[in-house]
Amino acid sequence: MNSIKHIENALKELDDEVQKILLDWNIPLNEKDNLMLPILQQKKVLDQTKEDLIYLRENPPTPNQACGISKYRD
Numbered sequence: 003m004n005s006i007k008h009i010e011n012a013l014k015e016l017d018d019e020v021q022k023i024l025l026d027w028n029i030p031l032n033e034k035d036n037l038m039l040p041i042l043q044q045k046k047v048l049d050q051t052k053e054d055l056i057y058l059r060e061n062p063p064t065p066n067q068a069c070g071i072s073k074y075r076d
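FYI, the numbering for the sequence shown is 3 to 76, going by this note's numbering.
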């Protein structure tokens, strides 16, 4: 699935951004938190989307049936 590859690439880019922020000694700690919060929120959404796509790839729904994704989530 190309979607999963795109999500993995986006996750890598977000990880790189977080590392860049963490390694920048010129940014105060509270500012680092403010900069990383939206990035980590995006990462959480992308992680869940990736999990959902993998689940659907491995458990495709039958025609005219709900996909049942919410059943496997915690």
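Every residue gets a Cβ at the ideal spot worked out from N, C-alpha and C, and that includes glycine. Note that the structure is a prediction, hence the values are computed from the model and not measured.
By a C-beta neighbour count over all protein chains shown, 10 Å radius and 16 as the cutoff for buried, is residue i buried or exposed?
{"i": "I6", "result": "exposed"}
{"i": "I56", "result": "exposed"}
For residue i, which option in the options has the closest C-alpha, if you only look at C-alpha atoms?
{"i": "V20", "options": "M38, L31, I29 and H8", "result": "M38"}
{"i": "N11", "options": "K45, T64 and N61", "result": "K45"}
{"i": "L16", "options": "N32, V47, E33 and W27", "result": "V47"}
Could you pull out every residue in the same chain whose Cβ sits closer than 8 Å to the Cβ of residue i, ignoring the five residues on either side in sequence?
{"i": "I29", "result": "I23 and L37"}
Taking the CB atoms as reference points, tell me whether residue i and residue j lie closer together than 8 Å.
{"i": "I9", "j": "T51", "result": "yes"}
Here's a check: name, in chain order, each residue in its chain whose Cβ is nearer than 6 Å to the Cβ of residue i, leaving out the five neighbours to either side.
{"i": "K34", "result": "I23"}
Short of 7 Å in beta carbon distance, which residues of its chain neighbour residue i, apart from the five on each side in sequence? Order them along the chain.
{"i": "I1", "result": "Past the edges of the chain, shown from 3 to 76, lies residue 1, and the structure says nothing about it."}
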